[in-house]
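What follows is one structure encoded as structure tokens, with my remarks underneath.
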Amino acid sequence: IASEPKALGIRDVTMRFGGLTALDSVSLDVQPGTIHGLIGPNGSGKSTMMNVLTGVYTPTAGRVLLAGRPIQGTSPARIASQGIARTFQNVQLFWEMTALQNVKVGLHRGMRSGLLALALDTRAAREHEAGADAQAMALLELVGLAGDAATDARDLPYGKQRLLEIARALALQPAVLLLDEPAAGLTAPDVAALMQVLRKVKGFGVTMVLIEHHMDIVMALCDAVTVLDFGQKISEGQAHTVRNDPRVISAYLGT
Ligand code: ADP
Ligand code: MG
Numbered sequence: 046i047a048s049e050p051k052a053l054g055i056r057d058v059t060m061r062f063g064g065l066t067a068l069d070s071v072s073l074d075v076q077p078g079t080i081h082g083l084i085g086p087n088g089s090g091k092s093t094m095m096n097v098l099t100g101v102y103t104p105t106a107g108r109v110l111l112a113g114r115p116i117q118g119t120s121p122a123r124i125a126s127q128g129i130a131r132t133f134q135n136v137q138l139f140w141e142m143t144a145l146q147n148v149k150v151g152l153h154r155g156m157r158s159g160l161l162a163l164a165l166d167t168r169a170a171r172e173h174e175a176g177a178d179a180q181a182m183a184l185l186e187l188v189g190l191a192g193d194a195a196t197d198a199r200d201l202p203y204g205k206q207r208l209l210e211i212a213r214a215l216a217l218q219p220a221v222l223l224l225d226e227p228a229a230g231l232t233a234p235d236v237a238a239l240m241q242v243l244r245k246v247k248g249f250g251v252t253m254v255l256i257e258h259h260m261d262i263v264m265a266l267c268d269a270v271t272v273l274d275f276g277q278k279i280s281e282g283q284a285h286t287v288r289n290d291p292r293v294i295s296a297y298l299g300t
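Residues 46 to 300 in the numbering used here are what the sequence shown lists, from first letter to last.
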């Protein structure tokens, strides 16, 4: 019996920048519907992995499988349309656009037929626009920003900007959502709101890879955790097991 393909299969991925090996033959499987933590000290290769998974970098060696199909070497736009969305370590939004418009940009990218309708038929275009507004509002509501729809992204407080970035990523209707340190710089109440949002997103069946420094968040949310150090996988398993792994402890202590 053929086993269900993993949401993401990373096979012996190596990424070199000149003489520096940022990822050294890393393999890992992300199970569908789970939140998979990716942790490790600064410079261990976490963001590089995100960039490989989203096609920003083509790995020096190895393969990336999305639902069993190889995607390494494909363009970021193509990978996004195949179902991988992301948020960035440093928030990236269209600062001069409203929260609603930011999410709608994601929708347009996700719906080629909608774009075609826009180009070909003005009535269909208007109906599509109305549909897009409703969908974007639903996503804002999901992340708790329904009341901020008309606010420009630059005028939102930082915690809400982080949530807006998640809503925009979800507009692509991704199978897999990659989150690069979504809690960085957040206050405790903001972190609580973020965790609630991620639980809801998981409830919708979206698989997530979560890069996160706060161990309490990883412990609370992640079904499995992979630990990188100097580009190598040094530990993997359930969060509470990984946390007590001597290799992980020494990596974080720098010994
Ligand atoms: P992390 O996100 O775990 O803090 P990164 O993936 O950002 O780590 O970086 C891993 C290593 O790769 C670091 O030594 C970093 O300096 C290096 N690196 C990342 N991106 C590049 C790049 N585009 N060119 C050269 N070196 C890079
Ligand atoms: Mg990083």
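For glycine and all other residues, C-beta sits at the position ideal for the given N, C-alpha and C.
{"Check": "At a cut-off of 7 Å, is residue 134 close to the ligand MG when judged by its beta-carbon and the heavy atoms of the ligand?", "Outcome": "yes"}
{"Check": "Between residue 69 and residue 277, which are expected to be in contact by the criterion C-beta below 8 Å, what is the C-beta distance as a whole number of angstroms?", "Outcome": "5 Å"}
{"Check": "Under DSSP, the alpha helix (DSSP H) around residue 212 begins and ends at which residues?", "Outcome": "203-215"}
{"Check": "If you count every other CB in all the chains shown that lies within 10 Å of the CB of residue 75, and 16 or more means buried, which is it?", "Outcome": "buried"}
{"Check": "Name the residue from 295, 280, 293 and 290 whose alpha carbon lies nearest to the alpha carbon of residue 73.", "Outcome": "280"}
{"Check": "Counting Cβ pairs closer than 8 Å, one from the region 184-196 and one from the region 235-245, do we hit at least three?", "Outcome": "yes"}
{"Check": "On the CB-based measure, 16 or more other CB atoms within 10 Å of its CB, does residue 141 come out buried or exposed?", "Outcome": "exposed"}
{"Check": "How about residue 275 and residue 89: do their beta carbons lie closer than 8 Å?", "Outcome": "yes"}
{"Check": "Count the other CB atoms, across all protein chains shown, that sit within 10 Å of the CB of residue 195; report buried if there are 16 or more and exposed otherwise.", "Outcome": "exposed"}
{"Check": "So, is residue 103 buried or exposed, given that buried needs 16 or more other C-beta atoms within 10 angstroms?", "Outcome": "exposed"}
{"Check": "Using the Cβ count rule (16 or more neighbours within 10 Å means buried), how would you classify residue 111?", "Outcome": "buried"}
{"Check": "Let me check one thing: in DSSP terms, what residues is residue 143 bridge-paired to?", "Outcome": "197"}
{"Check": "How about residue 87: is its Cβ closer than 7 Å to a heavy atom in the ligand ADP?", "Outcome": "yes"}
{"Check": "Can you have a look at residue 6 and say buried or exposed, based on whether 16 or more other CB atoms are within 10 angstroms of its CB?", "Outcome": "Any question about residue 6 goes unanswered here, given that the chain covers just 46 to 300."}
{"Check": "Residue 139 to residue 83, Cα distance in whole Å?", "Outcome": "27 Å"}
{"Check": "By DSSP, does residue 261 sit in helix, in strand, or in coil?", "Outcome": "helix"}
{"Check": "Return the first residue and the last residue of the alpha helix (DSSP H) that residue 98 is part of.", "Outcome": "91-98"}
{"Check": "By DSSP, does residue 120 sit in helix, in strand, or in coil?", "Outcome": "coil"}
{"Check": "Identify the residues that DSSP records as bridge partners of residue 275: which are they?", "Outcome": "DSSP, once it has assigned bridges, lists no residue as partnering residue 275."}
{"Check": "Just the Cα atoms here: how many angstroms apart are residue 222 and residue 299?", "Outcome": "30 Å"}
{"Check": "Helix, strand or coil: how does DSSP classify residue 270 here?", "Outcome": "strand"}
{"Check": "Run through the DSSP bridge pairs and tell me what residue 62 is partnered with.", "Outcome": "65"}
{"Check": "Does the beta carbon of residue 59 fall short of 7 Å from some heavy atom of the ligand ADP?", "Outcome": "no"}
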